[in-house]
DNA sequence: TAAGCTATAGGTATATGTACCTATTAAAAT
DNA sequence: ATTTTAATAGGTACATATACCTATAGCTTA
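Residue numbers (the numbering used here), protein chains in the order written: chain G, 1 to 215; chain P, 1001 to 1215.
What follows is the structure in structure tokens.
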């Protein structure tokens, strides 16, 4: 077997780009086993035999189905397939979309062969790769996640702990036992949670917790 | 208390459309609590207080961030918020995008007030609404959504309806009033839901509903 | 026809949650 | 040094949910 091979599908609406990529990957342990000229073609190919592919190398702007859309579909349906997005642009929106689409990497088309190989290496080893010049852009996206986290931060540690147990379907009494405190204390925390989460019942707390990533 | 209110955010880059919609929704149990002139503004508003909103009514073509992108972000980050997309066009691509973005509904701007209200009613009761003339278009892309929906299909329509209202933080009594049935009936449905959803309390029902896209 | 499911509704009893209070202690912030 | 806050816990009262029952009417399916 030797070093295991990575089976790749390339999606790009310019055949020249595909050919160039294939040459770059020649003599590496990467097999380009399929090509597609747009996202739809790519997803169709994948649908035929999803397990055949380890990684998809895709352009971002393609007719019918864009690279980010393709990525979203892949991640939703075939999460074992990794996705590296190739883009002409390094604008914030495109990167943001790629990040939201859960791409494993994003590099620019003017990247050299070495950067391509580095990105592939990192990704196939379970990591991610984003071009250095777009890292600041990603940080902008970071904040958004933080906003949610910060919301949970208005809850005290104990409140978060109790909310977490509520979501696990424990009753106040069970929570009290588990934390070695009085049921009354738990109920008081619950009351405070209502105020802080701006809701009026445990149902609202559960929704809040899920919406804010506490699970 | 009466029937509970639905808090709505409207996103459209034409103030006239916003004003028109507000008038259409006047005197209904819908509160338009925020307005935005593009998707970015909308998502910023939502980020400030996600739980404030029950539903977003959005145009599809807007500067900075389109309606479908907005929808995707909402569904990814705040799945409790429902989205009804308003479009000028009924072309396949736009509808497909809306479906992929997991919009709860898609209607055309030339729809009348009654269709708008019908769509809102269906959506806020846990269903979806797509203009009749675009239904055939949707079928092609339907598959993905079905996987999740099939889980919910073990629930009877009435059970789904009641589950939906439970998640909206209504008590059994309030649900009974709203549906003109006895509180006992609601409680019986609740019991059946426990069995079908394999959980032991309302907390579990809420988690099930959110996990399966019923909101 | 019989069986099964859905939706309806009632009874009874208990468990749990929710809405208000007050109050103490320790720690953190002003 | 004073004020706030978190975490603790108690009381009382009421609301709501949960666990069991039975039962009927309508509709679908074997």
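Even for Gly, the Cβ is constructed at its ideal location relative to N, Cα and C. Just so it is clear, the structure is predicted and the values come from calculations on it, not from any experiment.
Under the assumption that residue i contacts residue j (Cβ atoms under 8 Å), give the Cβ distance between them as a whole number of angstroms.
{"i": "residue 72/G", "j": "residue 36/G", "result": "Wrong, their Cβ atoms sit about 16 Å apart, outside the cutoff."}
{"i": "residue 1055/P", "j": "residue 1086/P", "result": "Contact flag wrong, Cβ pair sits at about 12 Å."}
{"i": "residue 190/G", "j": "residue 172/G", "result": "7 Å"}
{"i": "residue 170/G", "j": "residue 163/G", "result": "Actually they are not in contact, since the Cβ atoms of residue 170/G and residue 163/G sit about 11 Å apart, beyond 8 Å."}
{"i": "residue 38/G", "j": "residue 76/G", "result": "Rounded, the Cβ-Cβ distance is 19 Å, inconsistent with contact."}
{"i": "residue 1203/P", "j": "residue 167/G", "result": "7 Å"}
To the nearest angstrom, how far is it from the Cα of residue i to the Cα of residue j?
{"i": "residue 184/G", "j": "residue 176/G", "result": "8 Å"}
{"i": "residue 22/G", "j": "residue 1032/P", "result": "54 Å"}
{"i": "residue 105/G", "j": "residue 1045/P", "result": "29 Å"}
{"i": "residue 1018/P", "j": "residue 1192/P", "result": "42 Å"}
{"i": "residue 178/G", "j": "residue 1052/P", "result": "33 Å"}
{"i": "residue 60/G", "j": "residue 14/G", "result": "12 Å"}
{"i": "residue 111/G", "j": "residue 24/G", "result": "12 Å"}
{"i": "residue 26/G", "j": "residue 1070/P", "result": "40 Å"}
{"i": "residue 97/G", "j": "residue 20/G", "result": "25 Å"}
{"i": "residue 198/G", "j": "residue 208/G", "result": "9 Å"}
{"i": "residue 180/G", "j": "residue 187/G", "result": "14 Å"}
{"i": "residue 206/G", "j": "residue 1050/P", "result": "14 Å"}
{"i": "residue 201/G", "j": "residue 194/G", "result": "7 Å"}
{"i": "residue 1043/P", "j": "residue 16/G", "result": "39 Å"}
{"i": "residue 1062/P", "j": "residue 1074/P", "result": "16 Å"}
{"i": "residue 1009/P", "j": "residue 1210/P", "result": "21 Å"}
{"i": "residue 1048/P", "j": "residue 48/G", "result": "43 Å"}
For residue i, which residues from the same chain have a beta carbon less than 6 Å from its beta carbon, with the 5 sequence-adjacent residues on both sides left out?
{"i": "residue 1088/P", "result": "1109"}
{"i": "residue 1174/P", "result": "none"}
{"i": "residue 1113/P", "result": "1024"}
{"i": "residue 67/G", "result": "58, 59, 60, 85"}
{"i": "residue 1082/P", "result": "1055, 1104, 1123"}
{"i": "residue 1165/P", "result": "1175"}
So for residue i, helix, strand or coil by DSSP?
{"i": "residue 1032/P", "result": "strand"}
{"i": "residue 1206/P", "result": "helix"}
{"i": "residue 181/G", "result": "coil"}
{"i": "residue 7/G", "result": "strand"}
{"i": "residue 86/G", "result": "strand"}
{"i": "residue 188/G", "result": "helix"}
{"i": "residue 1169/P", "result": "coil"}
{"i": "residue 154/G", "result": "coil"}
{"i": "residue 1197/P", "result": "helix"}
{"i": "residue 15/G", "result": "helix"}
{"i": "residue 26/G", "result": "coil"}
{"i": "residue 1038/P", "result": "coil"}
{"i": "residue 47/G", "result": "helix"}
{"i": "residue 20/G", "result": "helix"}
Going along the chain, which residues of its own chain have a beta-carbon closer than 8 Å to the beta-carbon of residue i, five neighbours each way excluded?
{"i": "residue 1107/P", "result": "1084, 1085, 1086, 1087, 1115, 1116, 1119, 1129, 1130, 1131"}
{"i": "residue 6/G", "result": "29, 30, 31, 54, 55, 120, 124"}
{"i": "residue 122/G", "result": "105, 128, 129"}
{"i": "residue 1196/P", "result": "1154, 1155, 1159"}
Near residue i, which residues of its chain fall below 7 Å by C-beta distance, leaving aside the five closest residues on each side in sequence?
{"i": "residue 1040/P", "result": "1064, 1065"}
{"i": "residue 1094/P", "result": "1060, 1087"}
{"i": "residue 2/G", "result": "Confidence in residue 2/G is poor, its pLDDT being 34 and thus under 50, which makes the residue's placement unreliable; the coordinate value appears in the next sentence. So the list is empty, once near-sequence residues are dropped."}
{"i": "residue 1078/P", "result": "1046, 1050"}
{"i": "residue 1182/P", "result": "1176"}
{"i": "residue 34/G", "result": "9, 45"}
Could you give the uninterrupted runs of the beta strand (DSSP E) lying entirely in the segment 92-131 of chain G, keeping only those of 3 residues or more?
-> 105-108
Segments assigned beta strand (DSSP E), at least 3 residues, entirely inside the segment 1055-1084 of chain P = 1055-1059
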